[in-house]
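Just so you know, the sequence shown maps onto residues 1 to 110 in the UniProt record's numbering.
Below is one structure, written out as structure tokens; comments come after it.
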Amino acid sequence: PSRVGPTPHHLYNGQAALAFQSASPGLPRMSERPPLRPGLVPSAPQVTSEKLCRAQQELHFQAATYLCLLRSVREHGALHQEYHGKGERSPEEVAGLVGFRLPQQPGGKG
Numbered sequence: 001p002s003r004v005g006p007t008p009h010h011l012y013n014g015q016a017a018l019a020f021q022s023a024s025p026g027l028p029r030m031s032e033r034p035p036l037r038p039g040l041v042p043s044a045p046q047v048t049s050e051k052l053c054r055a056q057q058e059l060h061f062q063a064a065t066y067l068c069l070l071r072s073v074r075e076h077g078a079l080h081q082e083y084h085g086k087g088e089r090s091p092e093e094v095a096g097l098v099g100f101r102l103p104q105q106p107g108g109k110g
């Protein structure tokens, strides 16, 4: 996309020239002097088919943000399903998780 208006370099050179001119009243006016750096002369604003590029950039930003949201929701669902607790476990199940076995109860229980 073409840039409309002055670039940061043009703004900087213009500010430097104005500061120099105000500090040296005996020197020729800025319009009578050559530019500070050749090749950085501000050009006239260019006419483009778009009134403002901001709307198109805003749509790209919103689309990228929505895509990030969708990916994050999908990843959160997968992580939640994998690591979500399954409720309260029985003592036998907890003992098995840590590598223990519960002692056998007399009379066939346990």
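For each residue, glycine too, the CB sits at the ideal point set by N, CA and C.
| Cβ atoms of P91 and L102: under 8 Å apart, would you say? | yes
**C-alpha gap between F100 and L67, whole angstroms** = 47 Å
### Query
If we ignore side chains and look at the alpha-carbon of each, how far apart do A63 and Q81 end up?
27 Å
(request) With DSSP as the reference, label G77 as helix, strand or coil. (result) helix
With distances taken Cα to Cα, identify the nearest neighbour of H98 among R89, H84, P106. The amino acid occupying residue 98 in the given sequence is Val; His does not appear at that position. Taking only the C-alpha atoms, the option nearest V98 is R89.
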